[in-house]
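**Q** Structure provided below as structure tokens; questions to follow.
4 protein chains.
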Amino acid sequence: MNTINLEQAEKMIAAAKAKAKEIDTKMNISVVDAGANQVAFVRMDGAWLGSADIALKKAKTARFFDMNSGEIGKLSQPGESLYNIEHSNGGLISFPGGIPVTNDDGTIVGAIGVSGSTVNDDHTVAKAGADAF
Amino acid sequence: MNTINLEQAEKMIAAAKAKAKEIDTKMNISVVDAGANQVAFVRMDGAWLGSADIALKKAKTARFFDMNSGEIGKLSQPGESLYNIEHSNGGLISFPGGIPVTNDDGTIVGAIGVSGSTVNDDHTVAKAGADAF
Amino acid sequence: MNTINLEQAEKMIAAAKAKAKEIDTKMNISVVDAGANQVAFVRMDGAWLGSADIALKKAKTARFFDMNSGEIGKLSQPGESLYNIEHSNGGLISFPGGIPVTNDDGTIVGAIGVSGSTVNDDHTVAKAGADAF
Amino acid sequence: MNTINLEQAEKMIAAAKAKAKEIDTKMNISVVDAGANQVAFVRMDGAWLGSADIALKKAKTARFFDMNSGEIGKLSQPGESLYNIEHSNGGLISFPGGIPVTNDDGTIVGAIGVSGSTVNDDHTVAKAGADAF
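Note that the protein sequences, when read in sequence, are chains A, B, C and D. Counting in this note's numbering, the first sequence runs from 1 upward without gaps. Counting in this note's numbering, the second sequence runs from 1001 upward without gaps. Counting in this note's numbering, the third sequence runs from 2001 upward without gaps. Counting in this note's numbering, the fourth sequence runs from 3001 upward without gaps.
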């Protein structure tokens, strides 16, 4: 298995939704596969409309570079080595909330992106989703 | 209730997936709310990658004009009254597979879009999803 | 005076709205100035969401080529001289509903675009707006 | 009532225009509904052409995240938690001038965006429009 399938994506989304409710937030949640193509997406009732695109872009950013989206953001600051990398790929999102997902043999098979609250909350919910893989 | 919520969208997607399996197809399925913003999306395993965007555009097209996407396509043919309307709104998809969803009092509250097989199959699966609302 | 000002645009929109109500339709109405930049826009309650972009594109198309949008559509058909011209300018709309507006000395000073019903209705409402200039 | 209608949008725009004249500025003013779709727009005579798109993007940004556009801008600075969020949703505008609009029961039903002067003036005019709701 080299890529996330729909059953796994739905399991990840269910876990992320449960965590979002537990911490009393409303999230947009996106899962992409090894090809950085979206497998599944949900917007929880009342979640920010603008966070749908951000959730997807966080997931894509995490898979595009095989690291947490927030790691890219450290390098994209003024004066840093990847300054304004967000202009590539139709728009990256480089703050926390995007996490790559790895299978048992260490291969990255996709990513999850979450948006709708503080970046700490977004990352917490994304991690709950990633851990459910 | 004036717009589709996530629970309803998930119920619609579950019904659409069941129908897709019943007729042995692999589909991308998208549900948008009354504002034409995506609420939920799934790509079934092995479904065409290019159909993800098409499913969303079919759902949007159905809500943008409050009719089945295929109705737009009849009018957008060469020589017909809406020729090349597809160039609007960042790209419409005007063949069958997008269906608006109406609540009990006749208000259109969203739409479903399905892509991944023949347009007849796409419409059949979208209808199963819409009927589950 | 070489371009439509806001007072004139609002007068045109008021006349177009009145005509739309008279013929029992719900329209999106856009007015652009001599530079093809939007001066004013309204979406009547219940009008198609997808027609907002179309109304603007009809107005722009009419001003881009200083003729009714539907005239472009005759030339953009398969085999005709401007086949698929709709791909230019970020998307044209070439069916009726866009009308250029001319001042007393024959100078084109802007255009109006209307979308929301049949193309005949769209043109009728656009003409009512243009005549109010 | 869950979304701004045209009569309300026109009332908001009239109030915003009056305020713009009072403080001797020329503004672009946009109102979006609960689905972040534009309901009405005006560009006052002599207002900056480039501010039309900014007014719309400010209104959308305010509705996308249910807060004043300037609040997003505080968080999107270098080193802050939402750095470069402007790359999402086809382009956000994150400086002041976009304000969400809330109905009596606390539901956000749309937003207004204003652009054409200093951001303080833009915000003042947007507030006059929002208060007229």
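The beta carbon of each residue, even a glycine, is placed where N, CA and C say it ideally should be.
Return the residues of the stretch 50–82 of chain A that lie within a Cβ-Cβ distance of less than 8 Å from chain D, sorted by chain order.
**A** Residues passing the 8 Å Cβ filter: Gly50, Ser51, Asp53, Ile54, Lys57, Gly73, Ser76, Gln77, Pro78.
**Q** Classify Asn2/A as buried or exposed, calling it buried when 16 or more other Cβ atoms lie within 10 Å of its own Cβ.
**A** So Asn2/A counts as exposed.
**Q** Would Ala2126/C pass as an interface residue toward chain F - the criterion being a Cβ-Cβ separation below 9 Å?
**A** In the displayed structure, chain F is absent; the protein chains listed are A, B, C and D.
**Q** Hey, quick one: how far does the beta strand (DSSP E) through Gln3008/D stretch, first residue to last?
**A** Looking at the DSSP string, Gln3008/D is not in any beta strand (DSSP E); the run it does join, the alpha helix (DSSP H), is 3006–3022.
**Q** Provide the residue(s) that pair with Gln2038/C in DSSP beta bridges, ordered along the chain.
**A** For Gln2038/C, which the question treats as bridged, DSSP gives the partners Val2032/C.
**Q** Helix, strand or coil, according to DSSP, for Thr3025/D in the structure here?
**A** Thr3025/D: coil per DSSP, three-state reduction.
**Q** DSSP state of Thr1102/B, grouped into three classes?
**A** Three-state DSSP puts Thr1102/B in a strand.
**Q** At least one CB of chain D closer than 9 Å to the CB of Met2012/C: is that the case?
**A** Not an interface residue.
**Q** I'd like the span of the alpha helix (DSSP H) that includes Gly3046/D, first residue to last.
**A** Premise fails: Gly3046/D is in no alpha helix (DSSP H) and is neither H nor E.
**Q** Using a Cβ-Cβ distance cut-off of 9 Å, determine whether Gly2035/C contacts chain D.
**A** Judged by the 9 Å Cβ criterion, Gly2035/C is in contact with chain D.
**Q** If you drop the 5 nearest sequence neighbours on each side, which residues of the same chain put their C-beta closer than 6 Å to that of His2123/C?
**A** Excluding residues within five positions, the ones whose Cβ falls inside 6 Å are Pro2096, Gly2097.
**Q** Please report the straight-line C-alpha distance between Ala3014/D and Ala2059/C, rounded to a whole angstrom.
**A** Using only the alpha carbons, I get a separation of about 24 Å.
**Q** So who's on the other strand from Ile2085/C, going by DSSP bridges?
**A** Paired residues: none, contrary to the question.
**Q** Roughly how many angstroms separate the alpha carbons of Asn42/A and Gly3079/D, rounded to a whole number?
**A** Checking the sequence shown, residue 42/A turns out to be Val, not Asn. Approximately 29 Å between the Cα atoms of the pair.
**Q** Report the three-state DSSP secondary structure of Lys2090/C (helix, strand or coil).
**A** The residue you asked about is not Lys; residue 2090/C is Gly in the sequence shown. If DSSP states are grouped into helix, strand and coil, Gly2090/C belongs with coil.
**Q** Rounded to the nearest angstrom, what separates Ala2016/C and Ala62/A at their Cα positions?
**A** Going by the C-alpha atoms only, they are around 50 Å apart.
**Q** How many angstroms separate the CA atom of Thr3148/D from the CA atom of Asp2066/C?
**A** Because chain D is modelled from 3001 through 3133, residue 3148/D falls outside the range shown and cannot be assessed.
**Q** Taking Cβ to Cβ, would you say Thr1102/B is nearer than 9 Å to Ile1093/B?
**A** No, the pair does not count as a contact, with Cβ atoms beyond the cut-off.
**Q** Given a threshold of 16 other Cβ atoms within 10 Å of its Cβ, counted over all protein chains shown, does Ile3004/D qualify as buried or as exposed?
**A** The residue in question, Ile3004/D, is buried, as its Cβ has 16 or more Cβ neighbours within 10 Å.
**Q** Going by C-alpha distance, which of Glu1022/B, Ile1023/B, Val1119/B, Asp1131/B is nearest Pro1100/B?
**A** Among Glu1022/B, Ile1023/B, Val1119/B, Asp1131/B, the Cα nearest to that of Pro1100/B belongs to Asp1131/B.
**Q** Less than 9 Å separating the beta-carbons of Ser3115/D and Asn3037/D?
**A** No, Cβ-Cβ distance for Ser3115/D and Asn3037/D is not below 9 Å.
**Q** Where does Ser1069/B fall in DSSP's three states?
**A** Of the three classes helix, strand and coil, the one that applies to Ser1069/B here is helix, per DSSP.
**Q** How should Asp3033/D be labelled, buried or exposed, when 16 other C-beta atoms within 10 angstroms of its C-beta is the threshold for buried?
**A** Buried is the call here.
**Q** Which residues mark the beginning and the end of the beta strand (DSSP E) in which Gly1113/B is found?
**A** Where Gly1113/B is concerned, the enclosing beta strand (DSSP E) stretches over 1108–1115.
**Q** So, at 8 Å on beta carbons, what are the nonlocal neighbours of Ile3085/D in its own chain, with the 5 sequence-adjacent residues on each side left out?
**A** Correct list, in chain order: Ile3072, Leu3075, Ser3076, Leu3092, Ser3094.
**Q** Looking at the unbroken alpha helix (DSSP H) that takes in Thr124/A, where does it start and where does it end?
**A** 119–131 is the extent of the alpha helix (DSSP H) around Thr124/A.
**Q** What in chain B is Cβ-close to Asn3002/D, meaning under 7 Å?
**A** Within chain B, the residues near Asn3002/D are Asn1002.
**Q** With a CB to CB cut of under 7 Å and the five nearest residues on each side skipped, what residues in its chain are close to Gly2046/C?
**A** Result list for Gly2046/C: Lys2026, in chain order.
**Q** For Ala20/A and Leu1049/B, I'd like the C-alpha separation in whole angstroms.
**A** So the two alpha carbons sit approximately 29 Å from each other.
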